[in-house]
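Structure first, then comments.
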Amino acid sequence: MKIGIVGDYNPEFPSQIATNNALIHSSKKLGVSIEQKWIPTTTISEQIDTIKETYQGFWIAPGFPYSIDGVLSIIKFSRENNVPLLGTCGGFQYIIMEYARNKLMLKEAGHEERDPHSAQLVISKLTCSLFGQTGEIIIKKPSRVFEIYQETNVIEQFRCNYGLSPEYEAQIHEAGFKIVGTDSMGNPRIIELPEHNFFIGTLFVPQLKSTSETPHCIVDSFIGSVINQVQNNPELKKKGSAH
1 MKIGIVGDYN PEFPSQIATN NALIHSSKKL GVSIEQKWIP TTTISEQIDT
51 IKETYQGFWI APGFPYSIDG VLSIIKFSRE NNVPLLGTCG GFQYIIMEYA
101 RNKLMLKEAG HEERDPHSAQ LVISKLTCSL FGQTGEIIIK KPSRVFEIYQ
151 ETNVIEQFRC NYGLSPEYEA QIHEAGFKIV GTDSMGNPRI IELPEHNFFI
201 GTLFVPQLKS TSETPHCIVD SFIGSVINQV QNNPELKKKG SAH
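Numbering (the working numbering), first residue to last: 1 to 243.
Structure (structure tokens):
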């Protein structure tokens, strides 16, 4: 079983190191063997067919990707083909951008950090930086995320300065990409596609809380969804063993 971590790895980023470790923690807990590999964003366009054939799940990692088009192409493929996908921190931001561009047809949907003059800033700078902050998340029910946590109030760690622009919150939510977790002020912190096998974005970084003794429940659920997808689709088993 192969999971692609979409992002440009930097060993100096704690959240990226934690991404590797969290997958190991949860796979050991679940008693499964997974192969995890970082997919550099600049290589995606030339290898997209191989990537689609090789991996059974994707994690859109924290960080500043060199190629935004490469990242968005993986997200679009996963969304349209029911491939399990988790996006955390920057991953949360880019899965919203992909949905805005390709589902809502906001073709100029942009990210303020990369394109501050975009006419459609779907991702904008937070009024208060969350970088290095810990905060409460209020989880809505019914939702897939509530089923995962089995709690309505949790504490998570952030490393983010950007999030979903208030101007587009209602449009994104009403189009079907549901805001299912907020802070105490109602600002979006978790988003999910309810009809998808697993398509969840968190503005916080759940992997920072994962340990070998207590793997994070979202990572557990992500891996579990990949397992179910493979078990229920013989073609995916063949693809995984062929690469």
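Glycine included, C-beta positions come from ideal geometry on N, C-alpha and C.
Closest by C-alpha distance to Gly149, when choosing among Gln36, Ile138, Ile48:
According to the sequence shown, residue 149 is Tyr rather than Gly. Nearest of Gln36, Ile138, Ile48 to Tyr149, Cα basis: Ile138.
Below-9 Å beta-carbon distance, Ala170 vs any chain D residue:
This model lacks chain D altogether; it includes just one protein chain.
Take Pro11 as the anchor and find which of Gln93, Trp38, Arg114, Thr42 has the nearest alpha-carbon.
When each option's Cα is compared against that of Pro11, the closest is Trp38.
Leu106 to Ile123, Cα distance in whole Å?
Rounded to the nearest angstrom, the gap between the Cα atoms of Leu106 and Ile123 is 13 Å.
Given His173, which residues of its chain have a CB within under 6 Å of its CB, disregarding the five upstream and five downstream residues?
The answer, listed in chain order, is Ile179.
At the level of alpha carbons, what is the spacing between Met97 and Tyr55?
One C-alpha to the other measures close to 22 Å.
Anyone know if the C-beta pair for Ser67 and Ser33 falls short of 9 Å?
Against a cut-off of 9 Å, the Cβ pair of Ser33 and Ser67 comes out as no contact.
Checking 9 Å against the spacing of the C-beta atoms, do Phe249 and Pro84 come in under that value?
Outside the displayed range of the chain (1 to 243) lies residue 249, so it cannot be described from this structure.
If we count the other Cβ atoms within 10 Å of its Cβ and call it buried at 16 or more, is Glu156 buried or exposed?
With 16 or more Cβ atoms within 10 Å of its Cβ, Glu156 is classed as buried.
Terminal residues of the continuous alpha helix (DSSP H) containing Gly4?
Per DSSP, Gly4 belongs to no alpha helix (DSSP H); it is in the beta strand (DSSP E), 2-6.
Is it the case that the stretch 109-123 contacts the stretch 75-83, given that we only count it when at least three CB pairs across the two stretches are under 8 Å?
The stretch 75-83 vs the stretch 109-123: no contact.
How is Asn20 classed by DSSP in three states: helix, strand or coil?
Secondary structure of Asn20 (DSSP, three-state): helix.
Which of the three DSSP states, helix, strand or coil, is assigned to His216?
In this structure, His216 counts as coil in the three-state DSSP scheme.
C-alpha gap between Glu53 and His25, whole angstroms
In a straight line, the C-alpha of Glu53 is about 26 Å away from that of His25.
Per DSSP, the bridge partner or partners of Pro188
For Pro188, which the question treats as bridged, DSSP gives the partners Thr182.
Extent of the continuous alpha helix (DSSP H) run through His111
First-last for His111: 109-111, but that is the beta strand (DSSP E), not the alpha helix (DSSP H).
Among the residues of its own chain, which have a CB less than 7 Å from the CB of Thr214, if the five just before and after it don't count?
Same-chain partners within the cutoff: there are none.
For Lys209, does the count of other Cβ atoms within 10 angstroms reach 16, so buried, or fall short, so exposed?
Within 10 angstroms of the beta-carbon of Lys209 lie 16 or more other beta-carbons, which makes it buried.
Span separating the alpha-carbon of Lys140 from that of Lys29
Cα-Cα distance, rounded: 27 Å.
Would you kindly report the start and end of the unbroken alpha helix (DSSP H) that includes Leu203?
Counting along the chain, Leu203 falls outside any alpha helix (DSSP H), and DSSP gives it neither H nor E.
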